[in-house]
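Chains as they are written, first to last, in our numbering: chain A, 1 to 422; chain B, 423 to 844. Structure first, commentary second.
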């Protein structure tokens with residue numbers, strides 16, 4: 001095989017193959033052999049030793065070499081990874097990738113290309129690191145109609161939210177995540193929810209057997225959250241998580257990534273730090289959950305090597321596993337149609353009648369209030385903070401109501417708008 | 423295919439195949455077709471309609487019919503199921519079974535027979551119902567060295583323990599489980615731990631790639647537990663679960679099923695009612711957990727049909743998946759060697775020096791006490807109850823100490839001896 005990329009996951013994969021090659025060979029009856037490794041800089045020091053004659057900076061020495069059966073893409077990013085994967089498949093090479101962006105955006109087309117060329121494209125490592133959720137959806141739950149999916153699938157944001165739950169500010173939590181290597185120096189891909197959207201697109205597509213594109217998924221990040229939101233939430237029996245949700249409703253599939261209040265008794269409430277979890281509702285199995293390390297070199301390498309073993313197994317027998325993604329074809333509903341309860345935190349002038357005004361606007365959109373807490377007024381500014389919990393409302397209506405409320409004279413700021421999960 | 427048994431799981435499987443046959447056929451490119459169903463009584467009314475010409479009371483019309491490719495064994499019990507499975511494999515039929523007793527006791531020999539006859543023997547439904555733990559261990563964690571396994575794998579006992587946690591007595595909880603169909607009229611197989619031992623034997627064998635026999639697994643049931651144990655445990659921050667544990671230590675594999683105090687913050691503490699969960703430690707993935715419905719017609723049928731789909735997939739391609747169980751061959755350690763903390767509840771005479779005597783006996787076996795609670799004395803009998811938490815001790819030493827303590831003049835009864843998990 002040929003590896004594209006020898007960064008954290010690439011090095012982890014090479015290390016795992018070196019340490020456990022013998023045992024894997026005994027289990028699957030074949031030896032996984034690295035022929036060539038594409039890197040950007042031949043001279044750069046690496047976590048693993050790669051023989052100099054395996055290193056290359058020329059992708060064609062892997063993609064076009066007929067002696068290479070399997071290409072492992074671990075470069076990340078959309079380009080040039082997508083072109084390399086397509087070229088490998090067109091050259092009838094099996095491909096294993098950990099690239100969520102490529103699979104989320106181009107998965108159906110690439111799988112089609114793989115099928116036409118009689119090769120496998122496997123991507124277990126693209127979602128949930130060491131959690132084999134792709135394999136479970138493809139094989140083990142095949143007889144189920146999946147109706148709902150709830151997931152914590154971004155370790156960086158879950159680490160930040162867990163730290164905030166323990167009392168840290170957003171900036172402190174982010175800085176700590178960066179110091180520990182859990183967040184990049186530019187964390188926007190994680191904290192704005194983009195990474196979780198890619199993963200949710202892949203999971204929904206497999207779970208519901210319908211192509212769900214990243215652009216069809218609603219997305220709100222965690223950067224609006226403040227320490228006090230966690231305190232308010234805890235007081236009402238909730239934790240805050242960046243929740244990836246997808247449901248099959250009467251109108252079709254609706255999917256979104258949103259910071260969400262989750263009851264402390266909920267299965268996903270106890271998922272802390274960099275751990276991930278995927279909770280599914282299937283008509284045969286009812287509730288089902290997978291929990292584990294969502295990222296990192298070792299769990300991700302574990303998933304890459306499991307895919308490689310499946311391909312080696314197939315190669316020996318001259319067969320392939322086809323993944324047909326969309327035999328069903330449900331409509332995708334605008335995330336604005338999603339029904340949810342809301343947590344609203346607002347800064348308002350501390351004078352009589354303000355709450356009545358806000359309640360009035362909500363009522364015109366048929367949104368009823370479940371509870372209100374008014375917190376102490378800041379004496380210097382005369383601004384009071386109120387937290388409103390609503391009953392279930394359609395997202396579009398709630399957004400329209402909030403747009404009106406924002407323009408009320410007495411409203412200084414809408415500081416947080418969060419979903420509330422039952 | 424031919425079905426052996428049309429009870430709860432058999433009917434559930436036929437129902438699922440009838441409802442989802444079309445979709446499964448689209449996914450795997452083959453139709454699963456039932457040829458014959460073995461039953462005890464042709465006339466008996468059933469949950470599903472089975473055409474009269476499919477029903478048979480003669481197993482040879484399935485086991486020896488060359489037109490049947492796959493035999494699905496859902497009769498349960500060791501005999502005659504094990505003979506039927508062996509005969510089907512010898513006749514080069516693939517076999518799917520949900521039979522934990524047969525796989526736990528005869529799995530390695532039957533897998534060997536399957537391999538020699540070039541057919542598959544699949545048994546996903548034998549452990550954890552809708553939780554695909556067998557598949558995950560066989561395929562997805564292939565690159566991991568599993569070092570530890572903790573599981574709640576008996577729904578009946580977990581239902582009873584959850585009800586006791588909520589204040590019910592053992593007898594009330596058992597009666598409720600029987601009324602709801604979760605416990606059989608003779609519940610001993612569940613409450614004495616035998617069912618959990620079978621499942622742990624299967625899981626340990628796959629996880630550690632070493633044959634672990636039911637007879638090598640320590641077993642204690644839940645029938646010693648009383649309401650007050652749950653109250654004492656809760657007061658110290660614990661819940662009580664029937665925990666299946668297996669570890670790889672320096673001397674080998676040690677496995678046991680024991681009622682165990684688990685901290686409320688532990689991942690398995692929140693597994694309630696008839697749900698099951700399996701928590702694994704792998705060197706690549708660290709902590710990993712599967713959670714879901716452990717039994718019942720629908721989840722079990724989901725697992726049976728997933729196995730059938732894998733076999734149909736292989737049949738079309740003319741290949742098989744071999745399961746080689748024991749390439750490693752670690753020694754199995756006597757469960758008496760297991761190291762654990764203990765919770766002891768004793769009835770003692772309320773007079774000075776009793777605790778000192780007990781502590782003295784424990785000290786001779788190098789078992790140190792972590793905490794003691796003495797509860798109010800029953801004035802009419804003069805008997806006091808004490809609860810002792812020990813530091814870690816070897817099970818054999820603790821048993822020897824308890825045998826001595828039992829013979830102390832002042833000790834009326836040792837009412838409960840429970841493991842304590844960190």
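Every residue, glycine too, gets a C-beta built ideally from N, C-alpha and C.
C-beta contact flag for residue i and residue j at 9 Å
i	j	result
residue 427 of chain B	residue 460 of chain B	yes
residue 823 of chain B	residue 783 of chain B	yes
residue 674 of chain B	residue 752 of chain B	yes
residue 443 of chain B	residue 496 of chain B	no
residue 146 of chain A	residue 248 of chain A	yes
residue 238 of chain A	residue 205 of chain A	no
residue 629 of chain B	residue 559 of chain B	yes
residue 616 of chain B	residue 599 of chain B	no
residue 518 of chain B	residue 547 of chain B	yes
residue 516 of chain B	residue 742 of chain B	yes
residue 573 of chain B	residue 621 of chain B	yes
residue 725 of chain B	residue 554 of chain B	yes
residue 806 of chain B	residue 779 of chain B	no
residue 413 of chain B	residue 447 of chain B	The shown model of chain B, from 423 to 844, leaves out residue 413 of chain B, and the question about it has no answer.
residue 245 of chain A	residue 149 of chain A	yes
residue 339 of chain A	residue 395 of chain A	yes
Endpoints, beta strand (DSSP E) assigned at residue i
i	result
residue 118 of chain A	Segment: none, residue 118 of chain A is in no beta strand (DSSP E) and carries neither H nor E.
residue 811 of chain B	805-812
residue 416 of chain A	411-420
residue 345 of chain A	339-349
residue 573 of chain B	568-574
residue 241 of chain A	238-248
residue 792 of chain B	791-796
residue 708 of chain B	708-715
Cα-Cα separation between residue i and residue j, rounded to whole angstroms
i	j	result
residue 509 of chain B	residue 535 of chain B	10 Å
residue 776 of chain B	residue 343 of chain A	58 Å
residue 92 of chain A	residue 129 of chain A	26 Å
residue 135 of chain A	residue 562 of chain B	8 Å
residue 367 of chain A	residue 405 of chain A	13 Å
residue 593 of chain B	residue 468 of chain B	31 Å
residue 381 of chain A	residue 411 of chain A	13 Å
residue 258 of chain A	residue 173 of chain A	19 Å
residue 181 of chain A	residue 159 of chain A	11 Å
residue 533 of chain B	residue 512 of chain B	11 Å
residue 225 of chain A	residue 169 of chain A	9 Å
residue 813 of chain B	residue 792 of chain B	6 Å
residue 479 of chain B	residue 213 of chain A	53 Å
residue 624 of chain B	residue 677 of chain B	11 Å
Residues of its chain near residue i, where Cβ-Cβ distance is below 7 Å and the 5 sequence neighbours each way are ignored
i	result
residue 584 of chain B	694, 695
residue 489 of chain B	457
residue 521 of chain B	495, 498, 503, 548
residue 78 of chain A	101, 102, 105
residue 8 of chain A	297
Cβ neighbours of residue i in the same chain (closer than 8 Å, five flanking residues each side left out)
i	result
residue 18 of chain A	48
residue 267 of chain A	277, 279, 287, 289
residue 143 of chain A	284
residue 84 of chain A	4, 59, 63, 71, 73, 75
residue 241 of chain A	152, 158, 161, 259, 260, 262, 268, 269, 271
residue 282 of chain A	141, 144, 145, 146, 147, 288
Boundaries of the alpha helix (DSSP H) in which residue i is found, first to last residue
i	result
residue 363 of chain A	354-364
residue 164 of chain A	155-165
residue 721 of chain B	719-739
residue 172 of chain A	170-179
residue 442 of chain A	This structure leaves residue 442 of chain A out entirely; chain A is present only between 1 and 422.
residue 71 of chain A	No alpha helix (DSSP H) contains residue 71 of chain A, which is instead part of the beta strand (DSSP E) from 70-73.
residue 828 of chain B	817-828
residue 611 of chain B	610-613
6 Å CB neighbourhood of residue i in its chain, flanking five on each side removed
i	result
residue 299 of chain A	129, 130, 293
residue 809 of chain B	654, 767, 795
Contact list for residue i against chain C, beta-carbon separation under 7 Å
i	result
residue 144 of chain A	Considering every chain present, this structure includes no chain C. Its protein chains are A and B.
> Should the segment 218-238 of chain A be called in touch with the segment 405-417 of chain A, which here means at least 3 C-beta pairs below 8 Å?
Replying inline: Remark: three or more beta-carbon pairs, one from each stretch, lie closer than 8 Å, so the segment 218-238 of chain A and the segment 405-417 of chain A are flagged as touching.
>> Check whether the segment 178-198 of chain A and the segment 372-385 of chain A touch, using three or more Cβ-Cβ pairs below 8 Å as the test.
In response: Not touching, per the Cβ criterion.
>> Quick check: the segment 294-314 of chain A against the segment 115-122 of chain A, are at least 3 beta-carbon pairs closer than 8 Å?
In response: Touching, yes, given that three or more Cβ pairs across the two stretches are closer than 8 Å.
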